[in-house]
Amino acid sequence: MTELRVYLPIRDLQPQFAAWLSTPTRARGYPPLAGQHSLIIEVAPALSIHRIADLALKVAPDLEPGLLFTERQFGLLELHSDDMDEVESAGKAILDGISAKAGDQLAPAILYQDIIDDLSDQHAIILNRTRDASILVPGVSLLILEMAPALFACVAANEAERAAPGATINDVQMMGASGRIFMSGSRSDMEKAQAAIVKTLGAVKGRKS
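Per the working numbering, the sequence shown starts with residue 759, numbered consecutively.
Right, dumping it as structure tokens:
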């Protein structure tokens, strides 16, 4: 049996998030572009993600797979297209193929959230050593969120950027036990981004872990 852990359609990839998702450590296949639509799936056991990929690409062969990855326990797949109908067709084929519905996924939970104002220079320096996206500068407000399952950091980052396009994505961690987002900018932009994330994750239907 295949367990559906995350079923995550993302409409209209925002410029910064699309650029982050296109970097080599994530887009091991075809890099997505801003304005495209994405579907991200996580299943267990890990190798069952290959059946997921087969179901999707046979019904919608023009979809581009950006990420096909097996962790120790879970398998991840990201697909994208200019056409949302193609993404939805692939999603339906996946769900039908494993006898599941979108609501069978795990409901996201926010584990921690905070806004740190007037980021110190030493704090910015040490965070910049491990970030995967844009550089952090001292004096900004820093939004940090942690959530589970980890993949929900993707839709959280995309919707945060949509709500606050002037904000800067500094890091998105989408794999592991939990997902994390680091964004920076003005206090008002961080509040807009935080509210968008809370609203987006709160609207996802799913089961408790």
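For each residue, glycine too, the CB sits at the ideal point set by N, CA and C.
In three-state DSSP terms, what is residue i?
i	result
V845	helix
T926	strand
I810	helix
V801	strand
D872	strand
G855	helix
Taking DSSP's pairing of strands, which residues face residue i in a bridge?
i	result
S796	I768 and H838
E919	The partner list for E919 (beta bridge, DSSP) is empty, contrary to what the question assumes.
Count the other C-beta atoms from every protein chain shown that fall within 10 angstroms of the C-beta of residue i, then say buried if there are 16 or more, exposed otherwise.
i	result
T926	buried
P819	exposed
Q880	exposed
R786	exposed
A882	buried
R945	exposed
A935	exposed
Tell me which same chain residues have a C-beta within less than 7 Å of the C-beta of residue i, skipping the five on either side of it?
i	result
N886	I893 and L894
D876	G897
Apart from the five residues just before and just after residue i, which ones in its own chain have a Cβ nearer than 6 Å to its Cβ?
i	result
P773	A792
I852	I810, L813 and A814
D890	D929
Quick check: the stretch 951-962 against the stretch 903-911, are there 3 or more CB pairs under 8 Å?
yes
Examine the Cβ distances between the stretch 950-959 and the stretch 865-872 and report whether three or more of them are shorter than 8 Å.
yes
Would the stretch 804-820 count as touching the stretch 832-839 if we require 3 or more Cβ pairs under 8 Å?
yes
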